[in-house]
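The structure appears below as structure tokens.
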Ligand SMILES: Nc1ncnc2c1ncn2[C@@H]1O[C@H](COP(=O)(O)OP(=O)(O)O)[C@@H](O)[C@H]1O
Ligand SMILES: [Mg+2]
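Chains as they are written, first to last, in full-length UniProt numbering: chain A, 1 to 239; chain B, 1 to 340.
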């Protein structure tokens, strides 16, 4: 049985159909990449999976359980962790406390075990040095790392990452890929929206292309990237 | 100073203040006991309102509902059921907590200004209902039976202790209860905010959408705070009216006395900070003492000060002081554990 399943999910904002009958499944431990032009509906798809937005039609299942009517917080507790494309830190809390909230409420970790768990993640994401800094004082890059770290702290079965590699130096990108690979190696499923294609393709096993809310294609990353349709729509190359 | 030295220093200062205040009925005048009783009860109300508005984002202007129902619960316990007023205090707290559940059910459907108006409407409704309660005097209210406070549990012992009249002993008893309630409310508030629930509450305050996305349930946490604060406010209302000994619906459900002044205290002291209400209540008392003879001018000055603080020092006097000096008493921070 798949871990996550979307069944004919649709969502419109007014006249604009942002998600158009999208169906796909993600297996336990699988890493799926999502690409598509700006405004294609990628982030909206995440919001539909996490419960931040309710779909007009269709259903979302986690572990075979229908989550469609469940609020965001129950979905986190059930194992859907997410990062926001535009970082949303708890600005008056420290970096450590940002993770502590997530570990306590989303991850079900308590007491000293939660402290240790959070510190491990901060080490892994290179944020240990700013653990006590107010998250409102972080640079954009650090905020993006915090998004990843906080999502990890909810102990997700599937982690949704929304454009976390943009603007990184080559070195930073390599260490980010390493972190994501180690999340993957621990058996967590990953869905990763990313414009930095080499980073994405070095991790994911399957790639989905979204355009105007429709799922154009899903499959082997190399094959998808090679298809004339993707080259034309996504890369804007006339074939 | 290291953080641990600072925290011990805070504890020592708090202990000295507590002992000093506890000695007032023994060494101070009765007028002083009565004055400080009002200060302490206002502090309790302010601590509760600060928890609601400053930490849970629930800007209620209907807290007089819980003061009033707490007071009436106590009166019912004494007059109708013949219980000791001290037990009446607990009854008042429980009744207020019970009332908060339907109020929350109604008001939690509303947001922002509508929530504020909704809590006020709820309070007015309860006031009108209580005014129909003939057994407790209806609209004109009622008094505690003569001698009730002098017969309270503990008054005899206190009488010998402070070497005064029975009424002075009753004042001393209610004063100590107010002191204990203020200390307990402050401590409970601090412990709650330091707990995982308090952390969740602070996360909601920063970003509700993100808080949901890490598993925090805002409605549940806020409802919990609302119910607990109703309990504290109800207990305080019962205690207040033991001291006042007479209750009317208008006095018990007064939005000016039990909410407007309380908002003033919290806002000038520093909303959303724990020491804020303490600073606020001291300033409020000082203003009251200096301006009390000027009637309405007093209210106008209070209003002007309140507005100036809201405009120019949004975190109140404590927030301003804290930002200037870097001193953070009763800190809610969770430092990251040090690791080798
Ligand atoms: N809450 C919303 N209300 C109205 N329109 C929205 C909302 N969220 C996204 N949109 C619109 O939906 C489209 C898809 O947005 P989004 O999912 O963020 O795209 P992507 O992440 O692929 O860039 C855009 O045209 C955007 O303006
Ligand atoms: Mg997006």
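Glycine residues also receive a C-beta, built at the ideal position from the N, C-alpha and C atoms.
Under 9 Å, Cβ to Cβ, is there at least one residue of chain A near residue i?
| i | result |
| --- | --- |
| residue 83 of chain B | no |
| residue 200 of chain B | yes |
| residue 275 of chain B | no |
| residue 56 of chain B | no |
| residue 333 of chain B | yes |
| residue 339 of chain B | yes |
| residue 336 of chain B | yes |
| residue 322 of chain B | no |
Give me the Cα-Cα distance between residue i and residue j, rounded to the nearest whole angstrom.
| i | j | result |
| --- | --- | --- |
| residue 55 of chain B | residue 273 of chain B | 8 Å |
| residue 1 of chain A | residue 65 of chain A | 11 Å |
| residue 239 of chain A | residue 110 of chain A | Residue placement at residue 239 of chain A is flagged as unreliable, the pLDDT there being 43, under the threshold of 50; the coordinate-derived value follows with that caveat. The straight-line gap from Cα to Cα measures roughly 56 Å. |
| residue 155 of chain A | residue 172 of chain B | 54 Å |
| residue 130 of chain B | residue 138 of chain B | 7 Å |
| residue 301 of chain B | residue 158 of chain B | 40 Å |
| residue 201 of chain A | residue 97 of chain B | 57 Å |
| residue 130 of chain A | residue 143 of chain A | 11 Å |
| residue 187 of chain A | residue 159 of chain A | 11 Å |
| residue 176 of chain A | residue 35 of chain A | 18 Å |
| residue 148 of chain B | residue 100 of chain B | 29 Å |
| residue 139 of chain A | residue 89 of chain A | 12 Å |
| residue 19 of chain B | residue 286 of chain B | 22 Å |
| residue 219 of chain A | residue 208 of chain A | 7 Å |
| residue 30 of chain A | residue 189 of chain A | 5 Å |
| residue 20 of chain A | residue 102 of chain B | 42 Å |
| residue 163 of chain A | residue 178 of chain A | 16 Å |
| residue 314 of chain B | residue 275 of chain B | 15 Å |
| residue 13 of chain B | residue 115 of chain A | 31 Å |
| residue 175 of chain B | residue 242 of chain B | 11 Å |
| residue 297 of chain B | residue 283 of chain B | 17 Å |
| residue 18 of chain A | residue 337 of chain B | 44 Å |
| residue 167 of chain B | residue 160 of chain B | 12 Å |
| residue 6 of chain A | residue 13 of chain A | 19 Å |
Does residue i come within less than 9 Å of chain B when only Cβ atoms are used?
| i | result |
| --- | --- |
| residue 33 of chain A | no |
| residue 97 of chain A | yes |
| residue 211 of chain A | no |
| residue 77 of chain A | yes |
| residue 238 of chain A | With a pLDDT of 49 at residue 238 of chain A, under the threshold of 50, the modelled position of this residue cannot be trusted; read the value that follows with caution. With 9 Å as the cut-off, residue 238 of chain A does not count as an interface residue toward chain B. |
| residue 143 of chain A | no |
| residue 104 of chain A | yes |
| residue 94 of chain A | yes |
| residue 13 of chain A | no |
| residue 153 of chain A | yes |
| residue 82 of chain A | yes |
| residue 117 of chain A | no |
| residue 18 of chain A | no |
| residue 100 of chain A | yes |
| residue 44 of chain A | no |
| residue 150 of chain A | yes |
| residue 113 of chain A | no |
| residue 168 of chain A | no |
| residue 54 of chain A | no |
| residue 277 of chain A | The requested residue 277 of chain A is not part of the displayed model; chain A covers only 1 to 239. |
| residue 107 of chain A | yes |
Give me the chain D residues within the contact set of residue i, using Cβ-Cβ distance strictly less than 7 Å, ordered along the chain.
| i | result |
| --- | --- |
| residue 131 of chain A | The question asks about chain D, but that chain is absent: this structure's protein chains are A and B. |
What do you reckon, is the C-beta of residue i under 8 Å from a heavy atom of ligand 4?
| i | result |
| --- | --- |
| residue 178 of chain A | Looking for ligand 4 in the displayed structure turns up nothing; the ligands present are ligand 1 and ligand 2. |
Contact list for the segment 168-196 of chain B against chain A, Cβ threshold 9 Å: 196
Any chance the segment 300-311 of chain B sits against the segment 69-82 of chain A, with 3 or more Cβ pairs inside 8 Å? no
With distances taken from each beta carbon to the nearest heavy atom of ligand 1, which residues come in below 5 Å, in chain order? A/13, A/18, A/38, A/39, A/40, A/41, A/42, A/43 and A/44
At least three beta-carbon pairs within less than 8 Å, the segment 36-52 of chain B to the segment 102-121 of chain B: no
With a cut-off of 8 Å, do at least 3 Cβ pairs link the segment 227-235 of chain B to the segment 119-126 of chain A? no
Any contact between the segment 21-39 of chain B and the segment 88-101 of chain B? By contact I mean 3 or more CB pairs, one from each, below 8 Å. no
Which residues, in chain order, does the segment 204-215 of chain B contribute to contact with chain A at a C-beta distance below 8 Å? 205, 206, 207, 209, 210, 211, 212, 213, 214 and 215
Could you please tell me which residues of the segment 215-232 of chain B, in chain order, have their CB closer than 7 Å to any CB of chain A? 215, 216 and 217
Contact between the segment 41-50 of chain A and the segment 177-192 of chain B (3+ Cβ pairs under 8 Å): no
Could you say if the segment 206-215 of chain B and the segment 74-82 of chain A meet the contact criterion of at least three C-beta pairs nearer than 8 Å? yes
When you compare the segment 257-267 of chain B with the segment 45-54 of chain B, are there three or more beta-carbon pairs, one atom per stretch, that lie closer than 8 Å? yes
Does the pairing of the segment 90-98 of chain A with the segment 201-211 of chain B give three or more beta-carbon distances under 8 Å? yes
Taking Cβ-Cβ distances below 8 Å as the criterion, which residues of the segment 56-77 of chain A are in contact with chain B? 71, 72, 73, 76 and 77
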